[in-house]
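For reference, the structure discussed in these notes is given below.
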Amino acid sequence: MPVEIRELVIKTEIQSQPESAQDTMNEQQLNALKQQIIQECLKQLRHHSRNSPLER
13 MPVEIRELVI KTEIQSQPES AQDTMNEQQL NALKQQIIQE CLKQLRHHSR
63 NSPLER
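First residue of the sequence shown: 13, per my numbering; consecutive thereafter.
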C-alpha cells in the first residue's frame, strides 16, 4: 500500500541591520517583497508537485 508524505521546509536567514537602515523600506517596497516571496513559494510548490511520484 503506497504511503504519501507531504512536507514543506522553509529555510530562512535573519540578518540584523543598523536601525537607520530598517526604516527605509516603504509600504510599496514591502508589498513587492511579499509578492516575490509568495511567487517563489508557489514556484517551488509547483516544481515539487510535478516531480512527485505519488501524485494522484
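Every residue gets a Cβ at the ideal spot worked out from N, C-alpha and C, and that includes glycine.
Which same chain residues, not among the five before or five after residue i, have their C-beta less than 8 Å away from its C-beta?
i, result
"MET37", "LEU45"
Alpha carbon to alpha carbon, what distance is there between residue j and residue i?
i, j, result
"HIS59", "GLN40", "29 Å"
"LYS23", "PRO30", "23 Å"
"GLN56", "ILE49", "11 Å"
"VAL21", "GLN47", "19 Å"
"SER28", "SER61", "34 Å"
"ARG18", "ASN43", "29 Å"
How is the alpha helix (DSSP H) around residue i delimited, first residue to last?
i, result
"SER61", "39-62"
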